[in-house]
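Reviewing the structure listed below.
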Amino acid sequence: MTAIVGFGGYVPERVMTNEDWSKLVDTTDEWITSRTGIKERRFAADDESTLDLAAIAAERALKDAGLTADDIDEIIVATDTPEVYTPDTASFLQYRLGCRNIPTYDLGGSGCAGFVQGLDVARARIHFEPKRILVIGVELISRLINWEDRATSVLFGDAAGAVIMDSGSGRAEVLAVLAGTDGSKADILTLQTGGTRHPFTAEAAARGDHQRLDMNGREVFREAVRRMSGVVEDVLDQIGKRLEDVALIVPHQANLRIIDAVGKKLGASENQVYVNVDRYGNTGSASVPLALWEANEEGLIKEGDLVVLTAFGAGFHWAAAALQF
Ligand code: ACO
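Counting from 1157, one number per residue, gives the positions in the sequence shown under the numbering used here.
Laid out in structure tokens, this is it:
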């Protein structure tokens, strides 16, 4: 048996509203709200880095679990906006938290599905050998996007979310995790510069390519709805449950219209689907653990509740997890 024994989250203090964006680029609160449901998002302070966000969420999860850094046996950090290119953010985090010389690694590049994929890896590792694993989703995307590209910049925010997984029972038993990838759709959402195909050069930087996020918004929208709803159905099938048994669905918070379409496709009622995209925007791999942490803090999840997490991300990846509280 695998369980989550602690939850944590963190959002930076600086609030960036739609009004703020309308002073920087040619956009309006009306456009952003009607297309995305986002009203504001948080941006990290100039002296904050990915590691700072991750460390605060991790410390909150440790406190929530009644554990210390010494109790952690492994760390997985899901992020597309790492502290540096090499080494991974997890190495820095292991030292910052004061953990033993345990194995740590990043799951990078899987966009907003990274955290739920991390749960899948952690669960398999715990089945193999009982241990406590800290799984984090963190994103500091405001520093890596082109603020002048109104088609993408207004969508995102910075945040971190964390859980601690353990063998045996805990606050939420992980009943099942499913994940999938369709690499034929790898080109619909990319941050290309910096890899071997498009190395980071002075010429690339002069063109602004180092901050170029390419997104086919409509195709991402279609795939997101199809995959996030499909994987919820699959994970419920696997545990022999139906939508009526689910107390709360915690979807990746990319866009309110995507979340609404997923709920509609599944036949879920409004209060079965958790939403905080209005306050934080799309926080990438931090979105699902942050929402899970908030839903818990708000007392929306009670003992006995079945909660389903669902996410999609660049790749194109998707993943879902069924949690029995
Ligand atoms: N403000 C004002 N106008 C804008 C803005 C903006 N911020 N951004 C784009 N526009 C304009 C466009 O230039 C376009 O103008 P045109 O018709 O003169 O060419 C017009 O608005 C319509 O643009 P569309 O792209 O057709 O708008 P659409 O209704 O498709 O909405 C959106 C765009 C919100 C991006 C939508 O496609 C979407 O939600 N897609 C999914 C995106 C997403 O969630 N990505 C996830 C990122 S990563 C992840 O979560 C894995």
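Just so it is clear, CB atoms sit at the ideal spot from N, CA and C, and this is done for glycine as well.
All values derive from a computational prediction rather than experimental measurement.
Residue i - containing alpha helix (DSSP H), residue span
{"i": "H1408", "result": "Unbroken run through H1408: none, as it is neither H nor E."}
{"i": "F1284", "result": "G1270 to F1284"}
{"i": "D1262", "result": "Not the alpha helix (DSSP H): D1262 falls in the beta strand (DSSP E), residues T1260 to G1264."}
{"i": "L1209", "result": "T1206 to A1221"}
{"i": "F1377", "result": "G1373 to I1395"}
Cα-Cα separation, residue i to residue j
{"i": "L1253", "j": "A1217", "result": "12 Å"}
{"i": "N1432", "j": "Q1409", "result": "7 Å"}
{"i": "D1338", "j": "K1421", "result": "21 Å"}
{"i": "E1329", "j": "P1355", "result": "43 Å"}
{"i": "E1175", "j": "E1230", "result": "42 Å"}
{"i": "E1186", "j": "I1194", "result": "10 Å"}
{"i": "A1475", "j": "A1467", "result": "5 Å"}
{"i": "R1332", "j": "V1463", "result": "Note that residue 1332 corresponds to Ala in the displayed sequence, not to Arg. One C-alpha to the other measures close to 11 Å."}
{"i": "G1460", "j": "D1390", "result": "21 Å"}
{"i": "G1373", "j": "V1167", "result": "26 Å"}
{"i": "M1384", "j": "Q1367", "result": "27 Å"}
{"i": "F1248", "j": "V1376", "result": "33 Å"}
{"i": "M1371", "j": "R1398", "result": "34 Å"}
{"i": "D1220", "j": "A1358", "result": "46 Å"}
{"i": "S1325", "j": "P1238", "result": "32 Å"}
{"i": "P1259", "j": "T1346", "result": "29 Å"}
{"i": "K1458", "j": "V1402", "result": "12 Å"}
{"i": "E1453", "j": "E1215", "result": "16 Å"}
{"i": "I1188", "j": "A1342", "result": "26 Å"}
{"i": "S1190", "j": "L1456", "result": "26 Å"}
Span of the beta strand (DSSP E) around residue i
{"i": "Y1241", "result": "Careful: Y1241 lies outside any beta strand (DSSP E) and carries neither H nor E."}
{"i": "D1170", "result": "The sequence given here places Arg at residue 1170; Asp does not occur at that position. R1170 -> beta strand (DSSP E) spans R1170 to T1173."}
{"i": "G1334", "result": "One detail in the question is off: residue 1334 reads as Leu in this sequence, not Gly. Residues A1328 to T1337."}
{"i": "I1231", "result": "E1230 to T1235"}
{"i": "I1289", "result": "I1289 to E1295"}
{"i": "A1358", "result": "Looking at the DSSP string, A1358 is not in any beta strand (DSSP E); the run it does join, the alpha helix (DSSP H), is A1358 to A1362."}
{"i": "T1346", "result": "L1345 to L1347"}
Beta-carbon spacing of residue i, residue j below 9 Å
{"i": "G1164", "j": "G1222", "result": "no"}
{"i": "A1213", "j": "R1327", "result": "no"}
{"i": "G1317", "j": "S1298", "result": "no"}
{"i": "Y1251", "j": "G1350", "result": "no"}
{"i": "A1211", "j": "R1170", "result": "no"}
{"i": "R1306", "j": "V1444", "result": "no"}
{"i": "G1440", "j": "D1227", "result": "no"}
{"i": "F1271", "j": "A1442", "result": "yes"}
{"i": "Q1394", "j": "A1478", "result": "yes"}
{"i": "T1192", "j": "G1437", "result": "yes"}
{"i": "I1405", "j": "V1429", "result": "yes"}
{"i": "L1334", "j": "P1407", "result": "no"}
{"i": "G1264", "j": "L1446", "result": "no"}
{"i": "D1262", "j": "A1246", "result": "yes"}
{"i": "E1304", "j": "I1344", "result": "no"}
{"i": "A1417", "j": "V1381", "result": "yes"}
{"i": "L1209", "j": "A1315", "result": "yes"}
Contacts around residue i, its chain only, beta-carbon distance under 6 Å, and the 5 residues preceding and following it disregarded
{"i": "S1266", "result": "Q1273, G1469, G1471 and H1473"}
{"i": "Q1348", "result": "H1354"}
{"i": "M1172", "result": "R1197 and F1199"}
Per DSSP, the bridge partner or partners of residue i
{"i": "F1312", "result": "N1438"}
{"i": "W1177", "result": "None, per the DSSP bridge assignment."}
{"i": "A1477", "result": "V1333 and L1465"}
{"i": "L1448", "result": "The partner list for L1448 (beta bridge, DSSP) is empty, contrary to what the question assumes."}
{"i": "E1196", "result": "T1173"}
{"i": "G1162", "result": "I1320"}
{"i": "L1369", "result": "L1347"}
{"i": "V1429", "result": "I1405"}
Close beta carbons around residue i, own chain, < 8 Å, minus the five adjacent residues each side
{"i": "A1278", "result": "T1158, E1230, I1232, I1289, V1291 and M1321"}
{"i": "I1282", "result": "T1158, I1289, M1321, D1322 and S1323"}
{"i": "T1308", "result": "I1301, N1302, L1369 and M1371"}
{"i": "E1426", "result": "G1419"}
{"i": "G1336", "result": "R1383, V1387, H1473, W1474 and A1475"}
{"i": "D1434", "result": "G1193, I1194, K1195, E1196 and L1412"}
{"i": "G1364", "result": "N1302"}
{"i": "L1392", "result": "R1398, L1399, D1401, V1402, V1464 and A1478"}
Neighbourhood of residue i by C-beta distance below 7 Å, restricted to the same chain and skipping five residues each side
{"i": "T1206", "result": "T1235, T1237, P1238, E1239, T1245, V1294 and L1296"}
{"i": "V1319", "result": "I1160, G1162, F1163, A1217, V1291 and P1445"}
{"i": "D1276", "result": "V1333, A1335 and A1475"}
{"i": "R1256", "result": "D1226"}
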